[in-house]
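Position one of the sequence shown corresponds to residue 304 (my numbering), numbered consecutively onward. Shown next, in C-alpha cells, is the structure this report addresses.
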Amino acid sequence: MGDFNARSGKKDDFIGLDDNEYTPVDSQYTSDVSRHRNSMDECVNEYGKKLCEFCKNVGLRIMNGRCMGDLKGSFTCYQWNGCSTVDYCIAQEDLLQDLQMFKVHEFKGNLSNHCKISTQLSISAKIKNSRIDTHPLTKVKWTEEMKMKYKIAIQTTQFLEAVESLSTNVEKEDINTLISELSNLLVGILPRNNKSTEKKKRKSKRQKWYDQDCRDMKSSLYKLNRSLIKNPYDKEIREKFFHIRKSYKKLLRYKMKQYKNEIIEKIDTLKSSNAREFWKLVRELKELDTEKKTKINSDIIPPEKWFTHFENLLGSQVKSKDSMENIEYEIEKLKNEPYFNELDFSIKESEIKKAISNLKKGKACGLDNINNEMIKISQDVCLVTYQKIFNKILNTGIFPSKWSKGYITPIHKAGNASDPNNYRGIMINSCLSKVFTSIINDRLYNYLVENNIINDLQIGFMKNSQTTDHMLILKTLIDKYVTNGKQHLYLCFVDFKKAYDTVWRKGLLYKLLKAGIRGKTFNVIDSMYSKSECCIKLNGPRTDFIDNQVGVKQGEVLSPLLFNLFINDLVESIDDNENTKLNEKEVPCLLYADDLVLISTSEDDLQRKLNGLDRYCNKWSLEINTSKTKVMRVTKNGRKSTKSFYLGKKQLDNTDNYKYLGLIFSASGKFKMAKDNISDRGMKALFSLKSAIDREYLSVFTSLKLFDHTVKQVCLYGSEIWSEFEKDTGSLSPYEFIEKWFKKSMIEKVNMSFSKWLLGVHKKTSNLAVMGELGRYPLFIDTIVRTVSYWANLQKRRFKKPLLNDCLKLSENLHNNGSTSWISGINKILQVFGVNYYGIQNSMIDITSLKKNVLFEFEKFWKININNGQGKKGNNKLRTYSKFKTNFVLEKYILETPFSL
C-alpha cells in the first residue's frame, strides 16, 4: 500500500482470456481471472503502464475500484492542477476473496495532498480436524539406485520361478486374483523403504538433494547438541560440535550445488521439443529455494469439501425411467446383432511391446504402486505372462477391480483457490492397466479411421491433426465470407460444462454398439465402466472412495477416443440446408474434442443450429455453460451484434472477441488483440523463467536454451495463423520486408527484454547491438519459417485430410483470383526471399534453404543499420560499436565470463 506515482486509469492489470489449455506453458501455470475495475481517474501515465505490466507478470492485482468501500475507484490525490489516483493497495490475486473492504478516506487538505487509504482482510484459520476419515497414501520413491536394484531383483531365481508359476496358473485363477498376484510380484521385490506421504506434524518436506549423507551428519550433530547441553563447559565437546555444524552446512551447500548441476546438465542434454519437460526442470530449479517452493493450493480446502465436490460431480446421473428403459432395450438388441471385426483378435506380443515403449518415465503410479519404469524393466521377463493375462481379460470381458480404482489430484486452474470448482481433477490410474487399454485404444482408433466413423469436422486427439488446422479453416472462412465476400459470418463458441466428467455411460455404450463395436472389446469397456471408484489425493493422505457412475475416466488412455465417439453424431443434429462452405465441403461447425464452434452466414440459421444443439444436449445429458458460451458476428467493422440468440430459454451473450483453441479471434477478423494477448502471456512466462535462473550457476548458453524451449514456444503459439503476412500486397525487397515486420512484431519485446536482462544492460540499449552480441535473431523470423513449414506440411497431409484439402483449395482459389487469403502470405514470403518454387500448389520447398536466405538477409539488414542507423538526435549511436563488431555471432567473452561478474 502506498503512493506509486502511477496513474493507471482503467487499464487491465490482468491478462484477458488467459488459459493454459493449449498454449505450451508450465503445467502449474495459473490463469488470470478477468476482473475489471473502475476508476474516476481516466488518465494513464508511463508509470501506470509499467505498474499494470508488472501486475500481469507476477499475479498482483490493484484493489482500488474493485472492492467494497471503493467500487467507483475514488481519487486519492488532490493537487492545484487536478485530481488523480496514485495511491494503491496491491495484493496477490488469491487474496481477493479475503479482502472484505478497501476504503479511500475523506480528503483532509490541511494534513496532506493524499487521502488516507485502508483495507480490511478476513483470514480464515485452517481446519485441523476433518469430519471425514482420511487414509495414508503410500508411494514408491524411484531413484537410480532403486532402478539398479530392481534390474538385479527381477533376474533372481526366486522372481523368475514366481513369474513362471503365475504364467502357468493363468487359466486356473480368476482375473482379480491374477492381477493381485502380479501386482504383489512386481512391487514385492522393491526394497522395503516405501513411506507414507501423510504429513507428519513435526517433519518438514526435505529437498530432493537431502540424502542419507545429510541425514547421518544431522544425526551426529543432534547427538553432540544434546551432549553440549549436558556438558556446557566441556571444551572438547564444544569444539567438536561447532566443527561438525560447520561441516554440516558445508555439506548441505555441496549437495544442493551438486543437485543443481545435475538439473542444469539435464537441461543442456535434453533434446525434447516438448516445452512442458523444460518447464518441469525450471520448476525444479525454483524449488531449490525453499521460499519459492510450489504452494499446494488444495491443502487450504478441507477433505470433506473435496469429497462432497467430487461426489456430486461423479455421482449418479438423473435420467427419466423411459429414457433408461429405451436405451437398455436398444443396447440388448444391438448386442445380439451379428458382427465381425479385427478388434477381438488375440493380443500379440508386438502390441504389448509397442504399448510399453510408449510409456513415459517419471509419471505418477496408481494405487497399486507399479510405475512405468518397473513395467519397462520387467518387460522381457514378464512379457509372456502379460500376454496371457491380457488375453484372458479380453476373452472373459472382465476388467480387473484393482484397475477400476484411481485417485484424483486437484490442480488449480484460476480464481479463488478455496473453491473446488476452480480446480481440474487429474485422475491417476494403474500404469499396468494403461498398457492393456492402450492396446485396445490403438485397435479401436484404427477401426474408426478405416471405416470413416469419426466425422471430418472432429480432429481432437486424432493423429496428424493439430489445433492450427481448425484455426486455419476458421480464418479461411473469414477470408471468404468477410474479407473478400462482404458478408457476415456468425460464430457461436460453445462451452460444455464438465463434458468429460458428465458423459452418460449408457449412452456411450449404445453409441459403441451403433458404431459396430461389439463382442469382446465392447464387453471389456462395459466392464470397465460398470464399477469405477476413485478417491481424492490431498496433501499427503487420501479420502474414502467415491462410486464414479458418470463420465469417461479422466487420465485413462481410452477416454479421448470414447468421448469423440460419444459426441460424434452432434454434427447431424445441427446440419441444415444453409451450411457455410469452404470450397465444396459444408462446414456447419468445427469440433476439437469438446471445443465446439457453430458457424453460419445468417442469424436465423445460427439460431436453428442452437435449437438443434439444445435438443441434442437434452437427449444425451450434456450440459452447456451458457455464461461462457458466446456469439460473435464477424464483420469488416468489427461491431458487436445486437441480435438476441437463445439456447433453450437462456439468452447468450454477444461478444467481439473469443479465445478459440488458445488464439483470440476478433469480430473484425484481425489478430491485433491476439498478438497483444500472446505478448502479455510471453512476458508472464518470462518473469517465471527469470525467477528460476540463478546467474551464479546457469551459463548464457543454458539460459538461452531454456528461453527457446519455454518462453519462445509461448510467444510463437499459433503464429502460423496470426502472423498475417498476406497483408503485404505491394512489391517489397527483403530489406523492406524485414524492416516492416521487425518493427511490427509484438512478441519482439519479450525476446529483447530477456536478452537485455541476460546481458545486464539498460532497457534502452540498442536492440540491434544486443542481438549482435548474443547472435540472437528476432522472433518474427521464426514466424516466417514456422508458417512456411506448416504450409509444406499441409501439402503432405492434404490428400489424407479431405477437410484440410478443401480449405487449401479455397485459399488457393482466392489468391489466384486476386483476393487476399492465407496462401497470399505464403506466396509473398517465397517471392521476397527468392526461393525457387513452381506455384503455390507445389510442396517441394527446401525449408532449410529458406531459413538460410532469411537469416542472410537479416544479417545484411543488421550490418546496414549498425553502420548507418540514426538515433532520435540524428546521429548514429552505434558508430563506435560498428567499428569492432563485424560479425553477427555470439561473442566468446559472454560464454567465458561468469554471470556473477
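C-beta: ideal position from N, C-alpha, C; glycine also. Treat the numbers as computed from the prediction; the structure is a model and nothing was measured.
>> I need the DSSP call for Thr712, collapsed to helix, strand or coil.
In response: strand
>> Check whether the region 820-835 and the region 928-944 are in contact - that is, three or more C-beta pairs closer than 8 Å.
In response: no
> For Leu966, which residues from the same chain have a beta carbon less than 7 Å from its beta carbon, with the 5 sequence-adjacent residues on both sides left out?
Replying inline: Taking Leu966 as the centre and dropping the five residues before and after it, the same chain places the C-beta of Met774, Ala977, Gly1021, Ile1024 and Trp1025 closer than 7 Å to its C-beta, in chain order.
>> I need the straight-line Cα distance from Tyr551 to Glu1162, nearest angstrom please.
In response: Each residue's Cα considered, the two are about 53 Å apart.
> Should Ile673 go down as buried or exposed, given a rule of 16 or more other Cβ atoms within 10 Å for buried?
Replying inline: buried
>> Quick check on Val900: does DSSP put it in helix, strand or coil?
In response: Val900 sits in a strand when the DSSP states are folded into three classes.
> Among the residues of its own chain, which have a CB less than 6 Å from the CB of Lys596, if the five just before and after it don't count?
Replying inline: Interpretation of Lys596 is limited by its pLDDT of 49, a score under 50 that renders its predicted location unreliable; the figure taken from the coordinates is listed afterwards. Closer than 6 Å at Cβ, skipping near neighbours: Glu590.
> Quick one: what does DSSP say Ile877 is sitting in, helix, strand or coil?
Replying inline: helix
>> Quick check on DSSP: helix, strand or coil for Met627?
In response: helix
> So what does Leu463 bridge to, in DSSP terms?
Replying inline: For Leu463, which the question treats as bridged, DSSP gives no partner whatsoever.
> Quick one, which of Ser415, Leu402, Thr437 and Leu414 has its alpha-carbon nearest Ser425's?
Replying inline: Leu402
>> Checking the sheet assignment: what are the DSSP bridge partners for Gly305?
In response: Partner(s): Tyr391.
> Could you give the residue range of the beta strand (DSSP E) that holds Ile729?
Replying inline: Here the beta strand (DSSP E) through Ile729 covers Tyr726 to Ile731.
>> So the candidates are Phe1136, Ile492, Lys1112 and Trp1060; which of them puts its Cα closest to the Cα of Lys1155?
In response: Of the candidates Phe1136, Ile492, Lys1112 and Trp1060, the one whose C-alpha sits nearest the C-alpha of Lys1155 is Phe1136.
> So who's on the other strand from Ala717, going by DSSP bridges?
Replying inline: Ser334
> Would you say Leu899 and Phe799 are within 9 Å of each other, going by their C-beta atoms?
Replying inline: yes
> So what does DSSP say about Val1053, is it helix, strand or coil?
Replying inline: helix
>> At the level of alpha carbons, what is the spacing between Thr611 and Lys454?
In response: 43 Å
> For Ser576, does the three-state DSSP call read helix, strand or coil?
Replying inline: coil
>> Is it the case that the region 786-793 contacts the region 892-907, given that we only count it when at least three CB pairs across the two stretches are under 8 Å?
In response: In short, these stretches touch, since the Cβ pair count reaches three.
> Is DSSP giving Met935 helix, strand or coil here?
Replying inline: strand
> If you draw a straight line from the C-alpha of Asn1119 to the C-alpha of Glu889, how long is it?
Replying inline: Here the alpha carbons of Glu889 and Asn1119 stand approximately 22 Å from one another.
> Roughly how many angstroms lie between the CA atoms of Ile1126 and Phe1028, to the nearest whole one?
Replying inline: 9 Å
> If we ignore side chains and look at the alpha-carbon of each, how far apart do Arg505 and Lys526 end up?
Replying inline: Residue confidence for Arg505 is low, a pLDDT of 42 falling below 50, so the modelled location carries little weight; the figure read from the coordinates is stated next. If you take the alpha carbons of Arg505 and Lys526, they lie about 18 Å apart.
>> What residue range does the beta strand (DSSP E) around Glu1160 cover?
In response: Unbroken run through Glu1160 is the alpha helix (DSSP H), Ile1150 to Asn1171; no beta strand (DSSP E).
>> Can you look up Tyr386 in the DSSP assignment and give me helix, strand or coil?
In response: According to the sequence provided, residue 386 is Cys. The question's Tyr does not apply to it. The answer is strand: DSSP assigns Cys386 an E or B state.
>> Measuring only the C-alpha atoms, how far is Asn880 from Leu868?
In response: Rounded to whole angstroms, Asn880 to Leu868 spans 25 Å at the Cα level.
> Using the C-alpha atoms, what's the distance from Lys569 back to Lys1166?
Replying inline: 36 Å
> CB Lys558 to CB Cys517, shorter than 9 Å?
Replying inline: Taking 9 Å as the Cβ cut-off, Lys558 and Cys517 qualify as a contacting pair.
> Could you give the uninterrupted runs of the alpha helix (DSSP H) lying entirely in the region 340-412, keeping only those of 4 residues or more?
Replying inline: 349-361
>> Could you give the first and the last residue of the continuous alpha helix (DSSP H) run that contains Ser252?
In response: Since the first residue shown for the chain is 304 and the last is 1204, residue 252 is missing from the structure and cannot be characterised.
> Does the beta-carbon of Asn1190 have 16 or more other beta-carbons within 10 angstroms, so that it is buried, or is it exposed?
Replying inline: exposed
>> Tell me which residue opens and which closes the alpha helix (DSSP H) that Ile650 is part of.
In response: Counting along the chain, Ile650 falls outside any alpha helix (DSSP H), and DSSP gives it neither H nor E.
> What is the C-beta distance between Phe1159 and Ile1041, in whole angstroms, given that I count them as a contact (C-beta under 8 Å)?
Replying inline: No, Phe1159 and Ile1041 are not in contact; Cβ-Cβ is about 11 Å, not under 8 Å.
>> If I follow the unbroken beta strand (DSSP E) through Cys795, where does it start and stop?
In response: Leu792 to Asp798
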